[in-house]
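For reference, the structure discussed in these notes is given below.
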């Protein structure tokens, strides 16, 4: 019923109501008020759609943001070969939630002597053009406000990757990653485990103690090294590998 029709009908009913007894007039007037109120406040053509947040990428993935307080620290370690890639190993601490809804992590233990930190994050398009979503381990800090190509280099450059649309969390347990192992890219099993804050602190303390012991050994034997003072386990491993190679040469 249009607004004009409702008004005309209302006036007609009001004229008719004058001829009715008082009680009947009251009942009729209440009905007219109810109908007019309903007409004014009813949604006209409203679409009741679910409030779903959409991730704007080539895949247009729906997003459910995890609660930051529930994100645990995680440890990353390589299983098996790729000794030159072990510097991605360490405890990674959640830094926040990227605009796409995925957590991103930082490790100051990993990185060896080459990088201060390593980062783990999800990127739906590492170059801005790629259609392959993946988890990435890289030395460049991601920008969590970017929807894709989070390191903003316009290329797919990183130290390790795991292709997946699973954006809410990295894979836990052992999974097969593509890792740069010094001389080239290899398929390497990577182990990711969740740890509590107390465990992460204990791990960091053990790392420092182990490295300190390695430093003392290196000094006692007179083996020259420029990285003996590093407080990273990954650095010690790389130094030991380099020393062994030099000795064999």
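Numbering (mature numbering (1 follows the signal peptide of the UniProt record, and there is no 0)), first residue to last: -24 to -1, 1 to 225.
The beta carbon of each residue, even a glycine, is placed where N, CA and C say it ideally should be.
For clarity, every value in this text was computed on a predicted model and none was experimentally measured.
Fill in: Distance between residue 85 and residue 187 (C-alpha atoms, nearest Å)
Any reading at residue 187 must be qualified, since the residue scores a pLDDT of 34, below 50, and its modelled position is unreliable; the value itself is stated next. Answer to the nearest angstrom: the Cα atoms are 12 Å apart.
Worksheet entry | Coarse secondary structure for residue 67, derived from DSSP in three states | strand
Item to complete: Would you mind reading off the limits of the beta strand (DSSP E) that contains residue 79?
Response: 79 to 83
Discussion item. Closest to residue 117 by C-alpha separation, out of 111, 128, 148, would be which residue?
Written reply: 128
Worksheet item: Is residue 76 buried or exposed, if buried means 16 or more other CB atoms sit within 10 Å of its CB?
Response: buried
Fill in: Nonlocal neighbours in the same chain, by C-beta distance under 6 Å from residue 158, ignoring five residues either side
60
Worksheet item: Roughly how many whole angstroms lie between the Cα atoms of residue 163 and residue 147?
Response: 16 Å
Worksheet item: For the region 86 to 134, which segments carrying the beta strand (DSSP E) assignment without a break, of at least 3 residues, lie completely within its bounds, in sequence order?
Response: 94 to 99, 110 to 114
Worksheet item: Given a threshold of 16 other Cβ atoms within 10 Å of its Cβ, counted over all protein chains shown, does residue 21 qualify as buried or as exposed?
Response: Because the pLDDT at residue 21 is just 33, under 50, the model does not fix this residue reliably, and the value given afterwards should be weighed accordingly. Classification for residue 21: exposed.
Item to complete: Tell me residue 170's beta-bridge partners as DSSP assigns them.
Response: 50
Worksheet item: CA-CA distance, residue 97 and residue 47?
Response: 14 Å
Worksheet item: Going by C-alpha distance, which of 74, 64, 139, 71 is nearest residue 94?
Response: 64
Practice prompt. Apply the 10 Å Cβ neighbour rule to residue 55 and answer buried if 16 or more other Cβ atoms are within range, or exposed otherwise.
Written response: exposed
Worksheet item: Between residue 69 and residue 168, is the Cβ-Cβ spacing less than 8 Å?
Response: no
Worksheet item: Where does residue 140 fall in DSSP's three states?
Response: coil
Item to complete: Tell me whether residue 61 sits in a helix, a strand or coil according to DSSP, three-state version.
Response: helix
Discussion item. Here's a check: name, in chain order, each residue in its chain whose Cβ is nearer than 7 Å to the Cβ of residue 104, leaving out the five neighbours to either side.
Written reply: 124, 125, 130
Item to complete: Within the same chain, show all residues whose beta-carbon is closer than 8 Å to that of residue 90, passing over the 5 residues directly before and after it, in chain order.
Response: 63, 115
Discussion item. Check whether chain D comes within 8 Å of residue 91, counting only Cβ atoms and requiring the distance to be less than that.
Written reply: The displayed structure is made up of one protein chain only, and chain D is not part of it.
Worksheet item: Do the CB positions of residue 138 and residue 156 come within less than 8 Å of each other?
Response: no
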